[in-house]
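*Asks:* The structure is given below, and queries will be raised subsequently.
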Amino acid sequence: MKATVAAALMLALLVLALPLQSALASRRRRKPSELGSAKLMRYARTIVVLWTLCGLAVYALALHGLSPRDVGLRPPRSIVDLFLGAAVVIALLASGRRRPADGEYLQAIRAVVPSSRAEWALFLPLALSAGVCEEFLYRGYALTVIASLSGSLIVGVCLSSLAFGAAHAYQGRTGMLAAFGSGLFYAALFLYTGSLYPCMLGHFAQDLCGAALLSGALRRGMFATRES
Numbered sequence: 051m052k053a054t055v056a057a058a059l060m061l062a063l064l065v066l067a068l069p070l071q072s073a074l075a076s077r078r079r080r081k082p083s084e085l086g087s088a089k090l091m092r093y094a095r096t097i098v099v100l101w102t103l104c105g106l107a108v109y110a111l112a113l114h115g116l117s118p119r120d121v122g123l124r125p126p127r128s129i130v131d132l133f134l135g136a137a138v139v140i141a142l143l144a145s146g147r148r149r150p151a152d153g154e155y156l157q158a159i160r161a162v163v164p165s166s167r168a169e170w171a172l173f174l175p176l177a178l179s180a181g182v183c184e185e186f187l188y189r190g191y192a193l194t195v196i197a198s199l200s201g202s203l204i205v206g207v208c209l210s211s212l213a214f215g216a217a218h219a220y221q222g223r224t225g226m227l228a229a230f231g232s233g234l235f236y237a238a239l240f241l242y243t244g245s246l247y248p249c250m251l252g253h254f255a256q257d258l259c260g261a262a263l264l265s266g267a268l269r270r271g272m273f274a275t276r277e278s
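Counting in my numbering, the sequence shown runs from 51 upward without gaps.
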């Protein structure tokens with residue numbers, strides 16, 4: 051009974067609570083002068099929340115006699131598999147870097163994209179935490195548990211990816227759709243390699259490279275605004 055309740059609460063956090071919190075965060079609007087300090091606080095808070103959720107997920111698994119290895123935290127079959135996710139992500143980002151970014155999307159993610167040295171210094175551990183924790187939580191824990199409860203791997207993939215997309219509501223509609231697509235990609239990568247490590251490495255590379263590209267796009271937008 052205790053194990054079932056823990057699993058249900060953990061799923062509720064990932065599928066309902068985090069998306070709701072993200073949606074509420076997207077409604078907050080701060081003055082430009084407040085963005086820097088708010089951004090650093092948001093980075094630090096997110097790191098703490100992610101690792102806390104991972105600890106709770108590990109505890110929920112242990113109540114069922116399972117370990118993180120049982121939901122994918124194990125080495126891939128080959129070194130090629132390990133870097134497969136990062137290679138695909140970097141190739142996709144490189145191919146799309148010259149396309150103009152959606153203005154609504156840029157406005158939505160301005161509050162989370164690093165711009166100063168101090169912000170980049172804290173964004174690096176944030177990106178690493180997101181890569182490790184979100185893949186463990188959504189591709190490892192949520193996908194496996196939902197698939198087990200529903201008896202369908204497809205349901206596990208779709209619902210965990212939808213929850214992952216909804217958890218990025220603060221990025222606006224474009225960001226949510228992109229996160230949903232990323233969720234499907236990493237779910238497929240996880241099922242193909244049998245390991246979360248390629249997903250974690252790809253997610254980390256995606257966050258770092260994506261932040262660099264978006265930071266540049268925001269700077270160019272600000273410069274163009276001043277010039278006009």
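By construction, the Cβ of each residue, glycine as well, lies at the ideal position given by its N, Cα and C atoms.
Between LEU156 and ALA267, what straight-line distance do the alpha-carbon atoms span, to the nearest angstrom?
*Replies:* Residue mapping note: residue 156 aligns to position 106 of the sequence shown, counting from 1. Residue mapping note: residue 267 aligns to position 217 of the sequence shown, counting from 1. In this model, LEU156 and ALA267 are separated by some 8 angstroms (Cα to Cα).
*Asks:* Roughly how far, in whole angstroms, is the beta-carbon of LEU239 from the beta-carbon of GLY135, given that I think they are within contact range, below 8 angstroms?
*Replies:* Here the question's residue 239 lines up with position 189 in the sequence shown. Here the question's residue 135 lines up with position 85 in the sequence shown. About 5 angstroms; that satisfies the 8 angstroms criterion.
*Asks:* Near THR194, what residues of its chain come up, given a Cβ to Cβ distance below 6 angstroms and the 5 sequence neighbours on each side ignored?
*Replies:* Stepping through the sequence shown from its first residue, residue 194 is reached at position 144. Cβ-Cβ distances below 6 angstroms link THR194 to VAL121 in the same chain, with the five nearest sequence neighbours on each side left out; the list follows chain order.
*Asks:* The alpha helix (DSSP H) with GLY181 in it runs from where to where?
*Replies:* For the purposes of this step, residue 181 is identified with residue 131 of the sequence shown, where counting begins at 1. Segment 167-184, the alpha helix (DSSP H) holding GLY181.
*Asks:* Evaluate contact between the segment 193-209 and the segment 88-104, counting only Cβ atoms and requiring at least three cross-stretch pairs below 8 angstroms.
*Replies:* Because the criterion of three Cβ pairs below 8 angstroms is not met, the segment 193-209 and the segment 88-104 do not touch.
*Asks:* Out of TYR109, HIS114, ALA144 and VAL99, state which residue places its alpha-carbon closest to the alpha-carbon of LEU264.
*Replies:* Taking the first residue of the sequence shown as 1, we reach residue 264 at position 214. Cα-wise, what sits closest to LEU264 is ALA144.
*Asks:* Let me check understanding here. Comparing Cα to Cα, which of VAL163, HIS253 and GLY190 lies closest to SER210?
*Replies:* The residue labelled residue 210 in the question sits at position 160 within the sequence shown. Of the listed residues, the one whose Cα sits closest to SER210 is GLY190.
*Asks:* With 8 angstroms as the threshold, decide whether the Cβ of LEU113 is near any Cβ in chain C.
*Replies:* No chain C is part of this structure, which consists of one protein chain only.
*Asks:* Between TYR220, VAL162 and THR54, which has its C-alpha nearest ALA262's C-alpha?
*Replies:* Stepping through the sequence shown from its first residue, residue 262 is reached at position 212. Nearest C-alpha to ALA262: VAL162.
*Asks:* Taking 8 angstroms as the limit between beta carbons, can you name the residues of its chain near THR224, skipping five residues before and five after?
*Replies:* Here residue 224 refers to the residue found at position 174 when the sequence shown is read from its first residue. Here the set comprises ASP152, GLU154, TYR155 and ALA158.
*Asks:* Note down the Cα distance separating TYR109 from SER166, rounded to an integer number of angstroms.
*Replies:* The residue labelled residue 109 in the question sits at position 59 within the sequence shown. The residue labelled residue 166 in the question sits at position 116 within the sequence shown. Spanning the two alpha carbons is a distance of roughly 37 angstroms.
*Asks:* Given a cut-off of 8 angstroms on the beta-carbon distance, is the pair LEU187 and LEU251 in contact?
*Replies:* Reading the sequence shown from its first residue, position 137 is the one you call residue 187. Reading the sequence shown from its first residue, position 201 is the one you call residue 251. No. Outside cutoff.
*Asks:* Considering only the beta carbon of each residue, do PRO125 and SER245 sit closer than 8 angstroms?
*Replies:* Along the sequence shown, read from residue 1 onward, the residue named residue 125 stands at position 75. Along the sequence shown, read from residue 1 onward, the residue named residue 245 stands at position 195. The answer is yes: Cβ separation under 8 angstroms.
*Asks:* Can you tell me which of ILE196, LYS89 and TRP101 puts its alpha carbon nearest to the alpha carbon of THR54?
*Replies:* In the sequence shown, residue 54 corresponds to position 4, counting from 1. Ranking ILE196, LYS89 and TRP101 by Cα distance to THR54 puts ILE196 first.
*Asks:* Rounded to whole angstroms, what's the CA-CA distance from LEU59 to PHE214? Just pull it up for me.
*Replies:* Taking the first residue of the sequence shown as position 1, residue 59 is located at position 9. Taking the first residue of the sequence shown as position 1, residue 214 is located at position 164. Looking at the two C-alpha atoms, the distance is approximately 17 angstroms.
*Asks:* Do you know how far the Cα of TYR220 is from the Cα of PRO69?
*Replies:* Position 19 of the sequence shown holds residue 69. Position 170 of the sequence shown holds residue 220. Distance between the alpha carbons of PRO69 and TYR220: 9 angstroms.
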